[in-house]
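Trainee: Per this note's numbering, residue 5 is the first one in the sequence shown, and the count goes up by one each step.
Note that CB positions come from ideal geometry on N, CA and C, so glycine has one too.
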Amino acid sequence: MLKDLITSNVRVKILVLFLSHPKESFHVRDITRRVGTEINAVRRELDRLIKVGLFKREARGNRVYIRLRSDYPFLGDLLSAFDKEHGLSANILENEKGLGKVKMGLVSSEFLQGRISGLEDVDLLLVGTVDLKVLKDIVEKFQEKSGREVNYSVMGEEEFDFRKKRMDPFIVKVLTQSRIIFIGDSDKNCKL
Numbered sequence: 005m006l007k008d009l010i011t012s013n014v015r016v017k018i019l020v021l022f023l024s025h026p027k028e029s030f031h032v033r034d035i036t037r038r039v040g041t042e043i044n045a046v047r048r049e050l051d052r053l054i055k056v057g058l059f060k061r062e063a064r065g066n067r068v069y070i071r072l073r074s075d076y077p078f079l080g081d082l083l084s085a086f087d088k089e090h091g092l093s094a095n096i097l098e099n100e101k102g103l104g105k106v107k108m109g110l111v112s113s114e115f116l117q118g119r120i121s122g123l124e125d126v127d128l129l130l131v132g133t134v135d136l137k138v139l140k141d142i143v144e145k146f147q148e149k150s151g152r153e154v155n156y157s158v159m160g161e162e163e164f165d166f167r168k169k170r171m172d173p174f175i176v177k178v179l180t181q182s183r184i185i186f187i188g189d190s191d192k193n194c195k196l
């Protein structure tokens, strides 16, 4: 999808790199090596992305590093689109049939922004009849690839509805935090 919306292949590769590692800074030569293209094309695209405000330059000693601006107004939208195509949501969606009958899937926006999860945080919530072994395999592969731990929770539809009606603190926290719904209807499932 990103390749269809953004005409520059180099820009797509740069966005995938930075949206995969939203908290990291990269030196221009490191970016060039990671995206596998020539340095002039990388510099040109970085200049454009800095000009629109998505990236910023940081000087450290005699080197210049590039990083995402966390205050960019459309960062959440970009992270959501990226996640649905390349991130944890994409991995779930690719294996949705093998998972069982998932009625709702959501991922925390803070997780997408690179936050390290606390013990009480939920990065991924799936509601429905879910094959836990398949889910465990998907999550483990994602963790290995991304180097990030994923805290996830699974519950049946009846339990979810019951806990939602009772205003269970866990459910209230998950549904009121900033999140991306990638399976199901957010109006129906997330209304308290």
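Is R38 helix, strand or coil when you go by DSSP?
Mentor: Correct three-state label for R38: helix.
Trainee: According to DSSP, what are the bridge partners of F146?
Mentor: The partner list for F146 (beta bridge, DSSP) is empty, contrary to what the question assumes.
Trainee: Exposed or buried, which one is E62 when buried takes at least 16 other CB atoms within 10 Å?
Mentor: Looking at its Cβ environment, which holds fewer than 16 other Cβ atoms inside 10 Å, E62 is exposed.
Trainee: Contact defined as beta carbons within less than 8 Å: I believe V154 pairs with V143. What is the distance between those atoms, to the nearest angstrom?
Mentor: The Cβ separation is near 5 Å, so the contact holds.
Trainee: With 16 as the cutoff for other CB atoms within 10 Å, does G91 come out buried or exposed?
Mentor: G91 should be labelled buried.
Trainee: Per DSSP, V68 is paired with what?
Mentor: Answer is A63, bridged to V68.
Trainee: So what does DSSP say about F164, is it helix, strand or coil?
Mentor: Helix.
Trainee: Indicate the three-state DSSP secondary structure (helix, strand or coil) for V126 in the structure shown.
Mentor: Looking at V126 - three-state DSSP - the assignment turns out to be coil, as it is neither helix nor strand.
Trainee: Taking the alpha carbon of A45 as the point to measure from, which residue in I54, K60, E28 and S12 has its own alpha carbon closest?
Mentor: It is S12 whose Cα lies nearest to the Cα of A45.
Trainee: Give the straight-line distance between the Cα atoms of E161 and I185, rounded to the nearest whole angstrom.
Mentor: Distance between the alpha carbons of E161 and I185: 16 Å.
Trainee: With distances taken between CB atoms, is the gap from V14 to T41 smaller than 8 Å?
Mentor: The answer is yes: Cβ separation under 8 Å.
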